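**Q** Sending over a structure as structure tokens; questions will come in a sec.
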Amino acid sequence: MTARRSDNNSDSSALGYNYRRHLSERFIEAVLFLTAFVSVAITLAIVVMLVTESLSFFKHVSLWEFLTDTQWTPLFDNAHYGILPLVSGTVVSSAVALLVAIPMGTITAIYLSEFAPFTVREMAKPFLELLGGVPTVVYGYFALLFVTPLLQKIFPELPGFSLLSAGLVMGIMIIPYVSSMAEDAMRAVPMHLREGSYAMGATRFQTAVRVVMPGAFSGIAAAYILGISRAVGETMVVAIAAGMQPNLTWNPMEPAATITAYIVQVSLGDLPHGSIGYQTIFAAGLTLLLITLVFNIIGHLLRKRFREVY
Amino acid sequence: MSDSDAQNLREIRAIIARHKLGDLIFLVTGLLVLMIAVLTFIALFSHMLIDGLPRLSWDFFTSFPSRRPESAGILSAWVGTTLVMIVTAAAAVPLGVGAGIYLEEYAPKNILTEIIEINVTNLAGVPSIIYGLLALSLFVHQLGFGQSILSAGLALALLILPIVIVATREAIRAIPVTIREGAYALGATKWQTVSDHLLPYSAAGILTGIIIGLARAIGETAPIITIGALTFIAFLPPSPFKEEFPYISFEWLMAPFTVMPIQMFNWVSRPEEAFQMNAAAAGLVLVIMTLTMNALAIYLRYRMRKNLKW
């Protein structure tokens, strides 16, 4: 009888223990879920914030004017609110950057994945990662005080600020992003495809270009898209080396402002909260987010495809 | 052997030679492109070294910025960077690691989880300046944190959150299922399994991600400029330690501040050459800081891969 009672006791205390254990488990799970949910909350906050601030901007300025006016002078007395000059600056600097980053990134990726001996690859990959770790403000310094004077020796008429030198440096900066992702995609191509190609008498280069690259096409394309989205969103290099004058131009030899550089320029001044000038940076930010969002979605779809093939 | 056979053989040999030459040309091109990356880095580093090294002295670290370039220093900048990084780490590490654990160990396969996952990937592609706009609207104005260390630290924490989440997930995923099965078989709860086994075993991998994230945050300029950080700060935030009870004060969280990249940006944008030497010196310190952290992370990962054989 006594033994049985003590059994009962331990049973009930074990039950209580289990119950507490279960409760604390549920609690921990809820907390962990909340931390994971923060990322969704951030996205929602970004969208809500950009849209509400932009809406009050578009109460003053019509969407038509925003999209078609060829001047961007929101802080002048004679204010114009045309986003085109900022978009042209962004497009030109990104185009210059991509003309550097895509060929060089692709060649680096092919070399590292198909040609380089093991030791070279093991040394080059961390080095490229380090290159990607240099702060962007340092690249800006480099563009303004090293690359621009160098370019001025070749093109004497090049001004002190130009989209060209900002774009060139930005291109070198994004090579690591492009090359490491493209290389990952190329190394995911199964070995037997290469072996088949070699067996037919193809050289390494032919195999790389005609077998491996088509096989890794969606992954390589995703790497390019990532590079584009980096170039469009990059801020400090253009803010330092491209000048901050909104200028509707397609000529990389001229100074101009990008969307990001404009936001920096306005933030450096002391704009009162709620003024139209304050709202312009959110309208510019929304434009930037929409542009990068399109590229990110394309990149996401391409990456998904490249994972599913094998 | 007939003449035509010999002719064929010669042709085949010529083709082989041509193809081998093609391979060689690409090999050289690949190495050259890699060399361009290396040379760029060397040019960047040596240019800063030549300009900045003469300015690097004890005084440079212990002086406030000044209107006279020769007596200006980075005291408020590196103190500000340190304090901002403390806030960033305190916010990003629990959130990121928690979210990583949830997504990897707890998350059921449903739409909500998938939304969170897509979100994390998308957040990684959002330009950093957008986080600055979010912080300006949400932290500075809506929540009333002002242009403070707290706002800056939180902005950078949101920015590096995806990096920490992804690193945590990868580190946990690398642990074989048998470890989990063993723990569950002995009656451990889910949280006991996670906290006693999965977290300790994946600590090195998670740490790598945290270091890379913080190295990125140290170099970020754009989001901090956007929240309106001042570029000229000639005082230090209030000390976190006090003489009397409770010995710790959090006043510094609300203090105005500047950080290393902003100090450098400020000096780069000045026309006087003497200030640009200061910019070079500040850049040198910044690059050494971020590169050391990146190198540490790369080393940790390398050692981990070598030692861990589950």
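So the sequence lines, in the order shown, correspond to chains G and V.
If you read the first sequence in the UniProt record's numbering, its first letter stands for residue 1, the second for the next number, and so on.
If you read the second sequence in the UniProt record's numbering, its first letter stands for residue 1, the second for the next number, and so on.
We put the CB at the ideal spot given by N, CA and C, even for glycine.
It should be emphasised that the depicted structure is a prediction, and the values quoted were computed from it without experimental measurement.
Apart from the five residues just before and just after Ser63 (chain V), which ones in its own chain have a Cβ nearer than 7 Å to its Cβ?
**A** Ser71, Ala72, Gly73 and Leu75.
**Q** Distance, Cα to Cα, Leu284 (chain V) vs Thr148 (chain G)?
**A** Roughly 20 Å between the two C-alpha positions.
**Q** Just to confirm my understanding: we take Val212 (chain G), look at its own chain, exclude 5 residues before and 5 after, and list those with CB closer than 6 Å. What are they?
**A** So the list reads Met186 and Val189, once near-sequence residues are dropped.
**Q** Report yes or no: do three or more beta-carbon pairs, one from the stretch 132-142 of chain G and one from the stretch 104-117 of chain G, lie closer than 8 Å?
**A** Not touching, per the Cβ criterion.
**Q** Please name the residue or residues paired with Tyr81 (chain G) in a DSSP beta bridge.
**A** For Tyr81 (chain G), which the question treats as bridged, DSSP gives the partners G:Trp72.
**Q** Which same chain residues end up closer than 6 Å to Ile220 (chain G) when comparing Cβ atoms and leaving out the 5 residues on each side of it in sequence?
**A** Within the same chain, Ile220 (chain G) has close Cβ partners Ala182 and Ala185.
**Q** With Thr193 (chain V) as the anchor, note down where its alpha helix (DSSP H) starts and where it stops.
**A** Taken as a continuous stretch (DSSP letters only), the alpha helix (DSSP H) holding Thr193 (chain V) covers Lys190 to Thr193.
**Q** Please identify, using Cβ separations under 9 Å, the residues of the stretch 14-38 of chain G that lie next to chain V, in order along the chain.
**A** Cβ contacts with chain V: Arg21, His22, Ser24, Glu25, Ile28, Glu29, Val31, Leu32, Phe33, Leu34, Thr35, Ala36, Phe37 and Val38.
**Q** Going by C-alpha distance, which of G:Pro252, G:Ile228, G:Gly133 and G:Val51 is nearest Gly299 (chain G)?
**A** The shortest Cα separation from Gly299 (chain G) among G:Pro252, G:Ile228, G:Gly133 and G:Val51 belongs to G:Ile228.
**Q** With the cut-off set at 8 Å, would you say Gly89 (chain G) and Ala257 (chain G) are in Cβ contact?
**A** For Gly89 (chain G) and Ala257 (chain G), yes; Cβs fall inside 8 Å.
**Q** Measuring straight from C-alpha to C-alpha, what distance separates Val33 (chain V) and Thr108 (chain G)?
**A** Using only the alpha carbons, I get a separation of about 7 Å.
**Q** Please state whether DSSP places Leu253 (chain G) in a helix, a strand or coil.
**A** The residue asked about is misnamed: residue 253 (chain G) is Met in this sequence, not Leu. Reduced to three states, the DSSP call for Met253 (chain G) is coil.
**Q** Can you give me, in chain order, the residues of the stretch 86-109 of chain V that have a beta carbon less than 9 Å from any beta carbon in chain G?
**A** Cβ contacts with chain G: Pro94, Leu95, Gly96, Val97, Gly98, Ala99, Gly100, Ile101, Tyr102, Leu103, Glu105, Tyr106 and Ala107.
**Q** I'd like to know whether the C-beta atoms of Thr82 (chain V) and Arg21 (chain G) end up nearer to each other than 8 Å.
**A** Not a contact, by the Cβ cut-off of 8 Å.
**Q** Whether or not the stretch 172-192 of chain V and the stretch 116-131 of chain V are in contact is what I'm after, with contact meaning three or more pairs of Cβ atoms, one per stretch, closer than 8 Å; do they touch?
**A** The answer is no - the stretch 172-192 of chain V does not touch the stretch 116-131 of chain V, with fewer than three Cβ pairs under 8 Å.
**Q** Would you mind stating whether Phe265 (chain V) and Met236 (chain G) have Cβ atoms separated by less than 8 Å?
**A** Contact flag set, yes.
**Q** On the CB-based measure, 16 or more other CB atoms within 10 Å of its CB, does Pro214 (chain G) come out buried or exposed?
**A** Exposed, by the Cβ-count rule.
**Q** Can you find a CB in chain G that lies within less than 8 Å of the CB of Thr40 (chain V)?
**A** Yes, Thr40 (chain V) lies at the interface with chain G (some Cβ there is under 8 Å from its Cβ).
**Q** Ser218 (chain G) to Lys304 (chain G), Cα distance in whole Å?
**A** Whole-angstrom Cα-Cα distance: 9 Å.
**Q** Answer with buried or exposed for Gln276 (chain V), where buried requires no fewer than 16 other C-beta atoms within 10 angstroms of its C-beta.
**A** Gln276 (chain V) comes out buried.
**Q** Given that Phe66 (chain G) touches chain V, what residues does it touch there, using C-beta distances under 7 Å?
**A** Ordered by position in chain V, no residue passes the 7 Å Cβ test against Phe66 (chain G), which lies about 17 Å from the chain.
**Q** Under three-state DSSP, which class holds His273 (chain G)?
**A** Looking at His273 (chain G) - three-state DSSP - the assignment turns out to be coil, as it is neither helix nor strand.
**Q** Pairing CB atoms from the stretch 1-12 of chain V with CB atoms from the stretch 85-103 of chain G, are three or more of them under 8 Å?
**A** Result no; under three Cβ-Cβ pairs closer than 8 Å.
**Q** Rounded to whole angstroms, what's the CA-CA distance from Trp58 (chain V) to Leu34 (chain G)? Just pull it up for me.
**A** Straight-line Cα distance between these residues: approximately 46 Å.
**Q** Do Gly132 (chain V) and Ile227 (chain V) count as a contact pair if the criterion is CB distance below 8 Å?
**A** Cβ atoms of Ile227 (chain V) and Gly132 (chain V): closer than 8 Å.
**Q** Which residues in chain V sit within 7 Å of Ser229 (chain G), going by Cβ to Cβ distance?
**A** Simply Gly125.
**Q** Mind listing the chain G neighbours of Ile225 (chain V)? Cutoff is C-beta to C-beta under 7 Å, in chain order.
**A** Per Cβ cutoff of 7 Å: Val264, Ser267 and Leu268.
**Q** Using the Cα positions of Ser180 (chain G) and Ile174 (chain G), report the straight-line distance between them to the nearest angstrom.
**A** If you take the alpha carbons of Ser180 (chain G) and Ile174 (chain G), they lie about 10 Å apart.
**Q** Kindly list the residues whose CB is nearer than 6 Å to the CB of Arg301 (chain V), restricted to its own chain and excluding five residues on each side of it in sequence; keep chain order.
**A** Cβ within range, chain order: Thr208.
**Q** Name, please, each residue of chain G whose Cβ falls closer than 8 Å to the Cβ of Thr189 (chain V).
**A** Within chain G, the residues near Thr189 (chain V) are Arg21 and Glu25.
**Q** Which residues in chain V have a C-beta closer than 9 Å to the C-beta of His300 (chain G)? List them in chain order.
**A** In chain order: Ile118, Thr121, Asn122 and Gly125.
**Q** Is there a Cβ of chain V sitting closer than 8 Å to that of Met213 (chain G), yes or no?
**A** No, Met213 (chain G) lies away from the interface with chain V (no Cβ there is under 8 Å from its Cβ).
**Q** In chain order, what residues of the same chain have a beta carbon less than 6 Å from the beta carbon of Asp23 (chain V), not counting five sequence neighbours either side?
**A** Result list for Asp23 (chain V): empty, nothing under 6 Å.
**Q** Alpha helix (DSSP H) containing Glu183 (chain G): first to last residue?
**A** It spans Leu163 to Arg187 - the alpha helix (DSSP H) in which Glu183 (chain G) sits, taken as one unbroken run.
**Q** Assign Phe27 (chain G) to one of two classes, buried (16 or more other C-beta atoms within 10 Å of its C-beta) or exposed (fewer than that).
**A** Under this definition Phe27 (chain G) is an exposed residue.
**Q** Is there a Cβ from chain V that is less than 8 Å from the Cβ of Leu164 (chain G)?
**A** Not an interface residue.
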